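Going by the UniProt record's numbering, the residue at position 15 of the sequence shown is 15; the numbering climbs one at a time, nothing skipped.
For each residue, glycine too, the CB sits at the ideal point set by N, CA and C.
Treat the numbers as computed from the prediction; the structure is a model and nothing was measured.
What follows is a short report on a single structure.
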Amino acid sequence: MMLCGSFCLNLRDRIRPWIRDYDRLQSFAVILIYVQIGCALIGSLGASYNGVSLINLAIALFALVAIESSSQSLGRTYALLLFCAILLDISWFILFGRETWCVLQFLSLLFFFI
């Protein structure tokens, strides 16, 4: 119990100055957005369901523009778009997750017998 408490305090003391440094936080956000762009590009290479990946790519590119221009209105718009993208991803997962899983199982069986 005490180990967790001291670990959490130590972690909090290490994270707090890092979060207060705006430049470091902004560079970390840009790195995460580049990762999001890469994942969206890889996801859009598939033959099916690439529309969701392309929407996420457009939102990530908009985020780069918002961060680089330092515009508050673009940042707020990106926050709204990010919330909509999260809802889109959740609804996509609910609607098409089972179908995607069945296709993956079929492909794994196909490769198993080859």
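In this structure, the beta-carbon distance from A60 to Q36 falls below 7 Å. S53 sits away from G38, with the two beta carbons spaced by 7 Å or more. For the pair A63 and Y78, the CB atoms are nearer than the 7 Å cut-off. A66 sits away from N56, with the two beta carbons spaced by 7 Å or more. Look at L45 here: in three-state DSSP terms it is coil, with no helix or strand label. According to the DSSP assignment, S70 belongs to no alpha helix (DSSP H), since it is labelled neither H nor E. In the three-state reduction of the DSSP assignment, D21 falls in the coil class. Here I19 is exposed, its C-beta having fewer than 16 other C-beta atoms within 10 Å. Put simply, the backbone Cα of L87 is about 21 Å away from that of A29.
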